[in-house]
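Worksheet: the structure to be examined is printed underneath.
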Amino acid sequence: MEPQYNGTRHNVGNMIVRMIQEQLCPSCNFKVAPGFKGIQYVTVKDETRDDHIISLLICTGEYMNQIGRLVAPIWKKIETKYPNTRFIVAHDELDRPLGHIQLREPGTSSRGHNGLKHLTSCYGAKFYKLGIGIDRPMSRSHKEVADYVLSKFPPDALTILREVSLPKALQKITNISK
Numbered sequence: 136m137e138p139q140y141n142g143t144r145h146n147v148g149n150m151i152v153r154m155i156q157e158q159l160c161p162s163c164n165f166k167v168a169p170g171f172k173g174i175q176y177v178t179v180k181d182e183t184r185d186d187h188i189i190s191l192l193i194c195t196g197e198y199m200n201q202i203g204r205l206v207a208p209i210w211k212k213i214e215t216k217y218p219n220t221r222f223i224v225a226h227d228e229l230d231r232p233l234g235h236i237q238l239r240e241p242g243t244s245s246r247g248h249n250g251l252k253h254l255t256s257c258y259g260a261k262f263y264k265l266g267i268g269i270d271r272p273m274s275r276s277h278k279e280v281a282d283y284v285l286s287k288f289p290p291d292a293l294t295i296l297r298e299v300s301l302p303k304a305l306q307k308i309t310n311i312s313k
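Note that the sequence shown covers residues 136 to 313 in my numbering.
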């Protein structure tokens, strides 16, 4: 991922995953996944369940729209070893307001999201989609929408992500594991 895209609306999935890691295990650090260039991970024990471990992955070596070629191989490896694993992709949701979180079941539509479409083409639709609302600009112009999605969040929006979106995302993820 190019450094200029850090902190942008299009990168909100990675941002939320990092916030989840900070919330669940502030002392844990992301490590490079051996043999999987561009993937970093952290494993966190779920304190509410003895048998439950949460592994968080972030992609640093690819654009969201090409994420499938990085994520699919590691998911296939994990799935072989742990067949009951549930995968969740946190992604930007343009048609939802900031602060809105929506969890969709595996097999549901990618709704035109190019990153989700690419991941589905590489892995199949066997993953949950955690949509993080980023709002939509008033204009429907392709260029203006692209500029908006690739722009950085203002400080007040980051506060909403941390104080509103993060707790909702954690609740949605917790509900999957029950």
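We put the CB at the ideal spot given by N, CA and C, even for glycine.
Among 172, 140 and 191, which has the Cα closest to the Cα of residue 157? 191
To the nearest whole angstrom, what separates the beta carbons of residue 272 and residue 263, a pair I think is in contact under 8 Å? In fact, because the Cβ distance is near 27 Å, the residues do not count as touching under 8 Å.
Specify, as a first and last residue, the run of the alpha helix (DSSP H) that residue 155 falls within. 147-159
Can you grab the Cα-Cα spacing for the pair residue 228 / residue 270, in whole Å? 8 Å
Return the first residue and the last residue of the alpha helix (DSSP H) that residue 292 is part of. 290-295
Classification of residue 203 by the beta-carbon crowding that lies within 10 angstroms, buried from 16 upward: buried
C-beta atoms of residue 265 and residue 304 nearer than 9 Å: yes
Taking the beta strand (DSSP E) that residue 140 falls in, what are its first and last residues? Segment: none, residue 140 is in no beta strand (DSSP E) and carries neither H nor E.
Go through its chain and collect everything with a Cβ distance to residue 230's Cβ below 7 Å, but skip five positions before and after it. 271
Which same chain residues end up closer than 6 Å to residue 149 when comparing Cβ atoms and leaving out the 5 residues on each side of it in sequence? 193
Nearest CA to the CA of residue 238: which residue from 160, 307 and 154? 307
For residue 229 and chain E, any beta-carbon pair shorter than 9 Å? This model lacks chain E altogether, as it is built from one protein chain only.
In chain order, which continuous runs of the beta strand (DSSP E) of length 3 or greater are located wholly inside the region 196-255? If only complete runs of 3 or more residues are kept, the region 196-255 shows the beta strand (DSSP E) at 223-228 and 236-239, in order along the chain.
Test item: CB-CB of residue 168 and residue 233 under 9 Å: no
Closest Cα partner of residue 223 within the set 261, 205, 199 and 216: 261
Per-residue DSSP class, three states only, for residue 308: helix
Does the distance from the CB of residue 285 to the CB of residue 144 come in under 9 Å? Contact: yes.
Which residue marks the beginning of the alpha helix (DSSP H) containing residue 278, and which one marks its end? Secondary structure note for residue 278: its alpha helix (DSSP H) is the uninterrupted segment 277-284.
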